[in-house]
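Protein chains in written order, with my numbering: chain A, 1 to 224; chain B, 225 to 448. Glycine is no exception: its CB is placed at the ideal position from the N, C-alpha and C atoms. Nothing here was measured: the structure is a model prediction, and the numbers come from that model. First up is the structure itself, then whatever we jot down about it.
Number of protein chains: 2
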Amino acid sequence: MDQVRILEVKQSVFANNDAQAQKLRAELKEKGLYLLNLMSSPGSGKTTTLTRLIEALKGTLRIGVMEADIDSDVDAAAIAATGAKAIQLHTGGMCHLDAAMTRQGLEGLSPDELDLVVLENVGNLVCPAEFDTGAVKNAMILSVPEGHDKPLKYPLMFQVCDVVIVNKIDVMPYFDFDMEKCAEYVHMRNPKARIFPICAKTGEGVQAVADWLRQETAQWKENR
Amino acid sequence: MDQVRILEVKQSVFANNDAQAQKLRAELKEKGLYLLNLMSSPGSGKTTTLTRLIEALKGTLRIGVMEADIDSDVDAAAIAATGAKAIQLHTGGMCHLDAAMTRQGLEGLSPDELDLVVLENVGNLVCPAEFDTGAVKNAMILSVPEGHDKPLKYPLMFQVCDVVIVNKIDVMPYFDFDMEKCAEYVHMRNPKARIFPICAKTGEGVQAVADWLRQETAQWKENR
Chain A
1 MDQVRILEVK QSVFANNDAQ AQKLRAELKE KGLYLLNLMS SPGSGKTTTL
51 TRLIEALKGT LRIGVMEADI DSDVDAAAIA ATGAKAIQLH TGGMCHLDAA
101 MTRQGLEGLS PDELDLVVLE NVGNLVCPAE FDTGAVKNAM ILSVPEGHDK
151 PLKYPLMFQV CDVVIVNKID VMPYFDFDME KCAEYVHMRN PKARIFPICA
201 KTGEGVQAVA DWLRQETAQW KENR
Chain B
225 MDQVRILEVK QSVFANNDAQ AQKLRAELKE KGLYLLNLMS SPGSGKTTTL
275 TRLIEALKGT LRIGVMEADI DSDVDAAAIA ATGAKAIQLH TGGMCHLDAA
325 MTRQGLEGLS PDELDLVVLE NVGNLVCPAE FDTGAVKNAM ILSVPEGHDK
375 PLKYPLMFQV CDVVIVNKID VMPYFDFDME KCAEYVHMRN PKARIFPICA
425 KTGEGVQAVA DWLRQETAQW KENR
């Protein structure tokens, strides 16, 4: 397995995370570097989805990934194997990333030659939603086995996400998952949220997410 | 649907949660009331498992359930439909329950005629593991679609749990889940953890968990 750099990130010493996040976003804009904050429950398929997206975007975007994890480095190793630039962020037990931690991660990644950086946040539907990381957009993965009622139970997560990727659609026949109800509940929380149904395992639907990311990244650079 | 009482619980004003938890546990011991803290990721099947357990324990144990949720009350309504005593705890965005919140919930449930109370904690593998709720034992549900590597990524959760219920074993053929590796990783975190493979949907394996709970509850009353 590839060796991956591990960085121990520390919580912000700044009281005002929102201001730090705005500052980081302004700097990213100036550089034309797009940062996506990717959130989800544990085990919903963030890393597999990212691996597929990197594959689909190869040759068109230079991608870096920051893998936030409490303790392990299995995910960063999987990403590094795709050839993308990867760094592992250890949160030391913290349940989320804030803007200062994200900045430390970015500095560790030295992203000067990248177009897109994805922050794979800690697997948690509660705390990460409360902290602006400085990302341009927020996305989350909801996997079919978790159930279509999650926007009812974790309102803030769905409220702050611009994109909801519904993963593991290959196992729909084995679960009571209603895609229409899912969309209805997601839009209750955020009427503008885009929904992408995918199967990261087979690659189904991944191209649409890749296209969206390519478009987003291009716009971000243009409006610099 | 049955009407369910909803209680807004507040975070502890006490600095020392551990002391509050010890105090609560001592009071529960005096009363002979067994409290189980049940944790998991979002969508792993806590409520369905509880519904099955209540069914399996009917007539032998008087059961109460505290459903902690950030905002909804769908789970408490599902539990109340089984005939068990149920109360919904709203955490107001909080990602975990502490001992003071658990105490407020217990008081709201008026558990004097109960043998067993289950606290269904907020769906989250990070924060709930950090707070002793005052429960006699901790259990967690890991569902097959989440993957067998979760003990590597969420070490504290598996360290503090006496019991790991592996749910959704009916879909094992559709996921890369290795039960032996799962057991190995769980025991890396807690060598004494008991593992119960179940399928809450079909009821498979639930009887073994019910038997364990019956035994636990009886012992707790005896050693009063």
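Any Cβ of chain B closer than 7 Å to the Cβ of N124(A) would place that residue at the interface, and such an atom is present. Judged by beta-carbon spacing, F401(B) lies beyond the 7 Å limit of V430(B), meaning their Cβ atoms are not closer than that value.
Under the three-state reduction of DSSP, N348(B) is assigned to coil, being neither helix nor strand. Against chain B, the CB of S110(A) has no partner CB under 7 Å away; the residue lies outside that interface.
When C-beta atoms of the segment 36–52 of chain A are compared with those of the segment 124–138 of chain A, three or more pairs fall below 8 Å, so the two segments count as touching. Taking the CA atoms as reference points, M318(B) sits about 43 Å from G59(A). Spanning the alpha carbons of L50(A) and L33(A) requires a straight line of approximately 18 Å. Q88(A) is classed as buried because its beta carbon has at least 16 other beta carbons within 10 Å across all chains shown. Excluding five sequence positions before and after V163(A), the CB atoms of its chain that fall closer than 6 Å to its own CB belong to A139, R194, given in chain order. DSSP places Y34(A) within a strand segment (E or B) once states are collapsed to three. Listed along chain B is no residue with a C-beta nearer than 8 Å to that of E107(A); the closest approach is about 24 Å. In this structure, D75(A) is the residue among A26(A), D75(A), Q104(A) with its C-alpha nearest to the C-alpha of T48(A). Within the DSSP bridge table, the entry for A324(B) names no partner. Here H90(A) carries a strand assignment [DSSP, helix/strand/coil].
Sequence-distant Cβ neighbours of L156(A) in its own chain, meaning closer than 6 Å and more than five residues away, are A129.
When 8 Å is used as the limit between beta carbons, G371(B) is near these residues of chain A: G43, in chain order.
Annotation: G371(B) to N240(B) spans about 35 Å, alpha carbon to alpha carbon. Sixteen is the threshold: when 16 or more other Cβ atoms of the shown chains lie within 10 Å of the Cβ of E67(A), as they do, the residue is buried.
At least 7 Å separates the CB of S40(A) from every CB of chain B. The three-state secondary structure of N223(A), taken from DSSP, is coil.
For D211(A) and G307(B), the gap between their C-alpha atoms comes out near 50 Å. When the beta-carbon positions are compared, P42(A) and L349(B) come within less than 7 Å of each other. At a cut-off of 7 Å between beta-carbon atoms, K405(B) makes no contact with chain A.
Secondary structure of D178(A) (DSSP, three-state): coil. Within chain A, P145 have C-beta atoms less than 8 Å from the C-beta of K392(B), given in sequence order.
Taking a beta-carbon distance threshold of 7 Å, P375(B) does not count as an interface residue toward chain A.
Here V118(A) carries a strand assignment [DSSP, helix/strand/coil].
In chain order, L152, K153, Y154, P155, L156 make up the part of chain A whose C-beta sits under 9 Å from the C-beta of D295(B). Judged by their CB atoms, V346(B) and G288(B) are not nearer to each other than the 7 Å cut-off. In this structure, P375(B) is the residue among L338(B), P375(B), A302(B) with its C-alpha nearest to the C-alpha of K405(B). D322(B) and Q215(A) have their alpha carbons spaced roughly 45 Å apart. Using beta-carbon distances, V342(B) does not count as an interface residue toward chain A, since no partner is under 7 Å. Per DSSP, V387(B) is one residue of the beta strand (DSSP E) stretching across 387–391.
Judged by beta-carbon spacing, R25(A) lies beyond the 7 Å limit of G108(A), meaning their Cβ atoms are not closer than that value. Distances from the alpha-carbon of R103(A) to those of D149(A), K46(A), Q22(A), I169(A) put Q22(A) closest. Under the Cβ criterion of 7 Å, V171(A) is counted among the residues facing chain B.
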